[in-house]
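A.B. asks:
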Amino acid sequence: KRTCNFAHKPENVGKNRFENIVPFDHCRIVLPVVIGSINDSTYINASLVKGYFYPYILAQDPLDEQTCYDFWCMIGEQNSRAVVMLSSESEFTPTEKYWPSEVGRIKTFGRDAEVSIKLIGEELFSTFALRKFTYKFAKEKAYREVMQYAYLCWPADKILPESTESIIDLISRVLSLQSDHQEAGPIILHSR
Numbered sequence: 005k006r007t008c009n010f011a012h013k014p015e016n017v018g019k020n021r022f023e024n025i026v027p028f029d030h031c032r033i034v035l036p037v038v039i040g041s042i043n044d045s046t047y048i049n050a051s052l053v054k055g056y057f058y059p060y061i062l063a064q065d066p067l068d069e070q071t072c073y074d075f076w077c078m079i080g081e082q083n084s085r086a087v088v089m090l091s092s093e094s095e096f097t098p099t100e101k102y103w104p105s106e107v108g109r110i111k112t113f114g115r116d117a118e119v120s121i122k123l124i125g126e127e128l129f130s131t132f133a134l135r136k137f138t139y140k141f142a143k144e145k146a147y148r149e150v151m152q153y154a155y156l157c158w159p160a161d162k163i164l165p166e167s168t169e170s171i172i173d174l175i176s177r178v179l180s181l182q183s184d185h186q187e188a189g190p191i192i193l194h195s196r
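Residue numbering for the sequence shown is 5 to 196, as defined by this note's numbering.
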């Protein structure tokens, strides 16, 4: 039987947007242990999935500043180069937004600003926004790069996107980036 014990631990329940949408224990992403943390710092609502071409991670949108920090820890730990946001940007509250809104701006997360994220550039297409970020953890010397593909054609109140062509185009672009970076970790897809 597949279990979801970690997701339902009392210290992790608040990290789940919905009680019934949680990762199975056998495929959950395990974050690195944070020394001195009183909670289960290894939990994030995200699952590793074996894809046809590449592995990918399905994750929920962050809920607050702590889960934004966890989200960036996952990006860094997994060495992901592509993040696909399927939620509408208008759904995000300021504390759920894990990226800076303006080019050149820096946003930090963690108790002591352990990770800093800078928006390097943004390009708008008809069906998605492409954002390039650099990020760095305080304990690291070098900045790393990640691309965010923010899909614009999936209304919040709909089960399916508006068009199959737009989602196929998005998939093609993400797979192209992934194939250009063979060392890259899993593609991360997130939504509500």
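In this text, a Cβ means the ideal position worked out from N, Cα and C, and glycines have one as well.
Keep in mind that this is a model prediction, so the values were computed, not measured.
#1: Please list the terminal residues of the continuous alpha helix (DSSP H) segment that includes R177.
#2: Look up E100 in the DSSP assignment and say whether it is helix, strand or coil.
#3: List the DSSP bridge partners of S51.
#4: Going along the chain, which residues of its own chain have a beta-carbon closer than 7 Å to the beta-carbon of L52, five neighbours each way excluded?
#5: I'd like to check one pair, E100 with D68: are the Cβ atoms closer than 8 Å?
#6: Cβ of S195 within 8 Å of Cβ of S91?
#7: Report the CB separation of F137 from L123 in whole angstroms; it is logged as a contact under 8 Å.
#8: Given that a residue counts as buried once 16 or more other Cβ atoms are within 10 Å of its Cβ, and exposed if not, what is D65?
#9: For F113, count neighbouring C-beta atoms within 10 Å of its own C-beta (all shown protein chains included) and say buried if the count is 16 or more, exposed if not.
#10: Under the rule that 16 or more other beta-carbon atoms within 10 Å means buried, what is L164, buried or exposed?
#11: Helix, strand or coil for I25, going by three-state DSSP, please let me know.
#12: Quick one, are the C-beta atoms of L193 and V88 less than 8 Å apart?
#13: Run through DSSP, which three-state label would T71 get?
C.D. replies: Looking at the atomic coordinates:
#1: Taking the first residue of the sequence shown as position 1, residue 177 is located at position 173. Its alpha helix (DSSP H) spans residues T168 to D184.
#2: Along the sequence shown, one-based indexing puts residue 100 at 96. When secondary structure is reduced to three states using DSSP, E100 falls in the coil class, being assigned neither helix nor strand.
#3: Taking the sequence shown and counting its residues from 1, the one referred to as residue 51 is at position 47. Paired residues: R32 and L62.
#4: Along the sequence shown, one-based indexing puts residue 52 at 48. Correct list, in chain order: C31, I33, P59, I61 and P190.
#5: Position 64 of the sequence shown, counted from the first residue, corresponds to residue 68. Position 96 of the sequence shown, counted from the first residue, corresponds to residue 100. The answer is yes: Cβ separation under 8 Å.
#6: On the sequence shown, position 191 is the one that residue 195 refers to. On the sequence shown, position 87 is the one that residue 91 refers to. Against a cut-off of 8 Å, the Cβ pair of S91 and S195 comes out as a contact.
#7: Here residue 137 refers to the residue found at position 133 when the sequence shown is read from its first residue. Here residue 123 refers to the residue found at position 119 when the sequence shown is read from its first residue. That pair is a contact at about 6 Å.
#8: Residue mapping note: residue 65 aligns to position 61 of the sequence shown, counting from 1. The residue is buried, with at least 16 neighbouring Cβ atoms inside 10 Å.
#9: Along the sequence shown, one-based indexing puts residue 113 at 109. Buried, because 16 or more other Cβ atoms sit within 10 Å of the Cβ of F113.
#10: Stepping through the sequence shown from its first residue, residue 164 is reached at position 160. Flag for L164 reads exposed.
#11: By one-based count along the sequence shown, residue 25 stands at place 21. Residue state, collapsed to three classes: coil.
#12: In the sequence shown, the residue the question calls residue 193 occupies position 189. In the sequence shown, the residue the question calls residue 88 occupies position 84. With a cutoff of 8 Å on beta-carbon distance, L193 and V88 are scored as near each other.
#13: Position 67 of the sequence shown holds residue 71. Note: T71 maps to helix in three-state DSSP.
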